[in-house]
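Take a look at the structure set out below.
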Amino acid sequence: MAFQSIGQRLGFVSAGDAYRALERKVRRMESASKAKDAKIAEKDNALAEKDETIEKQEREIAELKAKLAEMQK
Numbered sequence: 043m044a045f046q047s048i049g050q051r052l053g054f055v056s057a058g059d060a061y062r063a064l065e066r067k068v069r070r071m072e073s074a075s076k077a078k079d080a081k082i083a084e085k086d087n088a089l090a091e092k093d094e095t096i097e098k099q100e101r102e103i104a105e106l107k108a109k110l111a112e113m114q115k
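Remember, the numbering used here sits 42 above the position in the sequence shown when you count from 1.
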């Protein structure tokens, strides 16, 4: 068992303990934020890929409509 001061035995929290606890909380929040940012970036990339696919299909449809109109003349 680590050394405990009388204050710690009585339940008092030192400024250093409070500071270290706050640092741990900040690190946890930062890592959670990074994880959320990564998920958002992943979703943005997926949406961009879908948009590109839709644009490509729309161009192909327009080309086929143009060919069809040309054939009907």
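Ideal placement from N, C-alpha and C gives every residue a C-beta, glycine not left out.
Since we're looking at a predicted model, the values are computed, not measured.
Taken through DSSP and simplified to helix, strand or coil, Q99 comes out as helix.
Straight-line spacing of the CA atoms in K67 and G49 works out to 23 Å. Secondary structure note for G49: its alpha helix (DSSP H) is the uninterrupted segment 48-51. The DSSP-derived three-state label of V68 is helix.
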